[in-house]
Amino acid sequence: MSEDGAKILKDVFGYASFRPGQAEIVELLAGGTNALVVMPTGAGKSLCYQIPALLLNRLTIVVSPLVALMDDQVAGLSANGVAAASIHSGLPREEQVANWRAVAADKCRLLYLSPERLMSDRMLQAVARLEPALFVIDEAHCMSKWGVSFRPEYERLSALREHFPKATIAAFTATADKVTQQDIAQKLFRGEGRIIVHGFDRPNLRLSVAPKTDWKKQLLDFLEDKSNLEDKRDAAGIVYCLSRKFTEEVAGFLQSKDIDAIPYHAGLDTETRKANQNRFMNDDGVTMVATIAFGMGIDKPDIRYVCHLNLPGSMEAYYQEIGRAGRDGLPSETLLIYGLDDMRLRRQFIEQDGEDEEHKLREHKRLDALLAYCDAAGCRRTALLSYFDEEMKACGNCDNCLHPPTMLDGTEEAKTLFWAIKDTGQMFGGAHIIDILRGIQTQKILERGHDQLSSFGAGARRDKKFWQAFIRQAVAGNYLTINIQRYGALQIAPPGDAVVKDKSTFLFREIEALPPKRTKRSRKSVQALESEEDLDLLAVLKKLRLEIARTRKIRAYVVFPDATLIEMAQARPETLEQLAAINGVGPRKLENFGEAFLDAIATHN
Ligand code: ADP
Ligand code: ZN
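What the sequence shown shows, in our numbering, is residues 1 to 605, in sequence order.
Written out as structure tokens, the structure reads:
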């Protein structure tokens, strides 16, 4: 069976070999075993069910949460000559009818539907008559209340088993911890099937985290840093912000620096949102400055960086958001910049969420884990993966591995700070405490007589920025907590108490050290493309790809992914046979685009 799968992989999709895990899953699903597959973004989940769908040679139904995602998949399959269709409310009525006719006449192997569409009584009856062999639930974590983005309409899929007892059920997700996995497997196939978990590591993503000092400078430095990637200014990327207003501000700032940036948030009208998303998906090198409203279903493979200018909501959210970079496996970068305000806001969100106490506690814990990650002095990847129960040695591709931080003894400063907090009854937020430490006679301080405290002015040697960063580290390290019910008051946690009582010391990461020296370029953005000529040719091929994509109204990467163009630029094929040998060039694409690319290469030579 897997040999047949490998044949389809080559003959239809033009890929030479399966990626880790793919062959096993293809074999299981084609053999009729139910399975829940947890695989990181970019690992190649789609082929894991598209190939069984072709092997089974009967109808496969794919449930997907987003219209855009369905359309992309159908376009991708069509480009490879596979008959697939979707039915959703975004299509004109006639097209929906025509698509259904094609499916009913057994002319399509894959039908993409939203969960609410599939689970409607009418559709269930109609689909039952076609006796589908396989149901695929994409983004399956949406089924579980324990997951990171529960959707009630997804939970209704629990009834699939009863409606289609003979069909195989497969579920795919990139984020599900153990409880969530069990929950999904129980709901979908009552535990009668396999759970397959593949590693969470994304070795091509460089991980960096920095406390917020000056976001404009930090963001520009990140985009212009050439130690790992050549041209982030001109590369596709996402900058995540918490608020709509900030999103606009950041997009405007980047535009003023000649960076092709556009905003995306729920406050924009539907038309603008759609237009911006299309520009990001179709054009090369656009930066999307967005709230988390943007991202679900963004399967663009060549996103080179993800930068967070605010703290994400949890480790899961962070992992999912950075995971949008580098799906094509090429080197990509991530940077998370976080401030004390972010921590307070996040806690507030959780409190205001209105859910039950157990839920709140869980969310606070998730946030704690993220803060500990931010504060980690060792390898980031080790810290990130350990959260997902995976062990890993130091990676050599994160900020802490590349530039190990200098830790200093801050026990004296910590005691000064903690006493100021204690002396004022643990009732005040960071700003007021810092004013006390710096001996500033604000109205609030005078009114409350805080200028009489022994801690008043005790930290005047240090500036405001220092104390902000210092407090942030103390919070991230769990020496202090932020009490949201008391309007963000700083309070002393047991480890902080131990420092006050001289029972332990307080180490902190050097603050406002000079930025690390730029190392010599370690890796190039474009793997192994050594000569300038190769890079020139690559640019020509990308331009051609864009032209083809525009005329055919498909996405650039549906024509060919970056990795395929890079191989072309290196190998410089002269004949169709040589071109066919390149990874990602299947027969249909060879037929449709082959000559054009050969011409471009020949002209360039
Ligand atoms: P996921 O859904 O897991 O995030 P995708 O299915 O979108 O990932 O695949 C990510 C990219 O990897 C796509 O561009 C896809 O064509 C490519 N890909 C998948 N499997 C292979 C393979 N066996 N060989 C080469 N490229 C592959
Ligand atoms: Zn590391």
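Idealized CB from N, CA, C, for every residue including glycine.
In the DSSP assignment, Ser208 forms a beta bridge with Leu335. Annotation for Leu579: Met568, Pro573, Val585, Leu590, Gly594, Phe597, Leu598 place their beta carbon closer than 8 Å to its own, counting only its chain and skipping 5 residues before and after. For Ile434, no beta strand (DSSP E) encloses it; the enclosing alpha helix (DSSP H) starts and ends at 430 to 437.
Taking the CA atoms as reference points, Asp72 sits about 22 Å from Ser149. Closest in alpha carbon position to Trp215, among Tyr319, Leu188, His308, is His308.
Contact annotation: the stretch 188 to 198 does not touch the stretch 310 to 322, with fewer than three C-beta pairs closer than 8 Å. Taking 4 residues as the minimum length, the alpha helix (DSSP H) runs contained wholly in the stretch 127 to 180 are 152 to 155, 160 to 163, in order along the chain. Judged by DSSP in its simplified three-state form, His265 adopts coil rather than helix or strand.
Cβ atoms of Leu367 and Arg346 come within 8 Å of each other, at about 6 Å.
C-alpha of Val197 to C-alpha of Val74: approximately 26 Å in a straight line.
Only exposed fits Asp353, as fewer than 16 other CB atoms lie within 10 angstroms of its CB.
Across the set Lys145, Ala167, Arg117, Glu155, the C-alpha of Ala167 shows the shortest separation from the C-alpha of Phe135. Bounds of any alpha helix (DSSP H) do not take in Cys379, whose DSSP letter is neither H nor E. By the neighbour-count criterion, in which 16 or more other beta carbons inside 10 Å mark a residue as buried, Tyr479 falls on the buried side. Check the Cα spacing between Ala458 and each of Gly477, Leu437, Gly449, Ile445: the tightest is with Leu437.
Shown here, Asn483 sits in a strand according to DSSP, grouped into three states. By the Cβ neighbour-count rule, Gly496 is buried, with 16 or more other Cβ atoms within 10 Å of its own. Using a cutoff of 7 Å, the CB of Asp299 counts as near ligand 1, since one of the ligand's heavy atoms is closer than that. Within 7 Å of the C-beta of Lys45 there is at least one heavy atom belonging to ligand 1.
Relative to the Cα of Leu56, the nearest Cα in the group Gly21, Lys10, Pro132, Leu124 belongs to Pro132.
Counting the other Cβ atoms within 10 Å of the Cβ of Ser17 gives fewer than 16, which makes it exposed. Annotated three-state conformation of Val558 is helix, per DSSP. Distances from the alpha-carbon of Leu59 to those of Val37, Lys107, Lys274 put Lys107 closest. Beta-bridge annotation (DSSP): Tyr305 is paired with Gly237, Glu333. When the alpha-carbon of Leu402 is set against those of His163, Gly14, Leu111, Leu207, the nearest one is in Leu207. Counting along the chain, the unbroken beta strand (DSSP E) around Met288 starts and ends at 287 to 290. Under the criterion of beta carbons closer than 8 Å, Val289 and Val239 qualify as touching, at roughly 5 Å. According to the DSSP assignment, Arg279 belongs to no beta strand (DSSP E) but to the alpha helix (DSSP H) extending over 270 to 282.
By the Cβ criterion, the stretch 89 to 100 is not in contact with the stretch 31 to 51, since fewer than three pairs of Cβ atoms, one from each stretch, lie closer than 8 Å. In the structure shown, Ser64 falls within a coil segment according to DSSP collapsed to helix, strand and coil. DSSP places Ala571 within a helical segment (H, G or I) once states are collapsed to three. Close CB contacts of Ile421 within its chain, under the 8 Å cut and outside five residues either way in sequence, are with Phe428, Ile433, Leu480, Leu490, Gln491, Ile492 (chain order). In the three-state DSSP reduction, Leu490 falls in the strand class (E or B). Boundaries of the alpha helix (DSSP H) around Ser256: 244 to 256. One alpha carbon belongs to Phe172, the other to Arg472, and they sit about 37 Å apart.
Membership of Met315 in the alpha helix (DSSP H) is indicated by the continuous run 315 to 322.
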